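Down below is the structure, laid out as structure tokens.
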Amino acid sequence: MKLLLLDVLPRELISVFKNYAEIIKEAANEFSRAITLLNDMRIGESRTLLANVIKLLDKSGELKFAIEEGVVRTSTDPGFKEEILVLITMLDEIGDSI
14 MKLLLLDVLP
24 RELISVFKNY
34 AEIIKEAANE
44 FSRAITLLND
54 MRIGESRTLL
64 ANVIKLLDKS
74 GELKFAIEEG
84 VVRTSTDPGF
94 KEEILVLITM
104 LDEIGDSI
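Note that the sequence shown covers residues 14 to 111 in our numbering.
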């Protein structure tokens with residue numbers, strides 16, 4: 014039997030989780046673009062993108078906290094909670110590497 018997140022987590026929490034993953038992805042893409050601009054000596058544009066990366070990572074930190082809090086409060090199986098928290102930690106490590 015296939016288990017979906019929707020079967021064990023509230024829809025709102027899943028939405029926040031998706032938003033969190035998208036923000037991490039956007040931050041990684043913006044960082045990559047900023048480095049390309051920096052290599053092209055387009056310092057001002059690069060700084061603007063890097064400032065946006067910082068804002069995105071700050072927002073992702075807020076969402077991470079909200080997700081962790083939401084997961085802990087659910088009545089989901091503790092093993093499944095742990096798996097979700099590990100996944101969140103992995104995404105956070107990506108953000109920390111940027």
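We put the beta carbon where it would ideally sit given N, CA and C, even for glycine. A quick note: this is a predicted structure, and the numbers were derived from the prediction, not measured.
On the three-state DSSP scale, how would you describe residue i?
i	result
M55	Here residue 55 turns out to be Arg, not Met, going by the sequence shown. Here R55 sits in coil by DSSP.
I101	helix
L19	helix
D12	Nothing can be reported for residue 12, as the shown portion of the chain is limited to 14 through 111.
L107	As written in the sequence, residue 107 is Ile, which differs from the Leu given in the question. Here I107 sits in helix by DSSP.
Assuming residue i contacts residue j under a Cβ cut-off of 8 Å, what Cβ separation, rounded to an integer in Å, is found between them?
i	j	result
A34	V66	Not really, about 16 Å apart at Cβ, beyond 8 Å.
L50	L69	The Cβ separation is near 17 Å, so there is no contact.
T89	L22	7 Å
> Does the pairing of the segment 15-34 with the segment 76-87 give three or more beta-carbon distances under 8 Å?
Replying inline: yes
>> Taking 8 Å as the cut-off, does the segment 56-74 touch the segment 91-111 (at least 3 CB pairs, one atom from each stretch)?
In response: The segment 91-111, when compared against the segment 56-74, does touch it at the 8 Å Cβ threshold.
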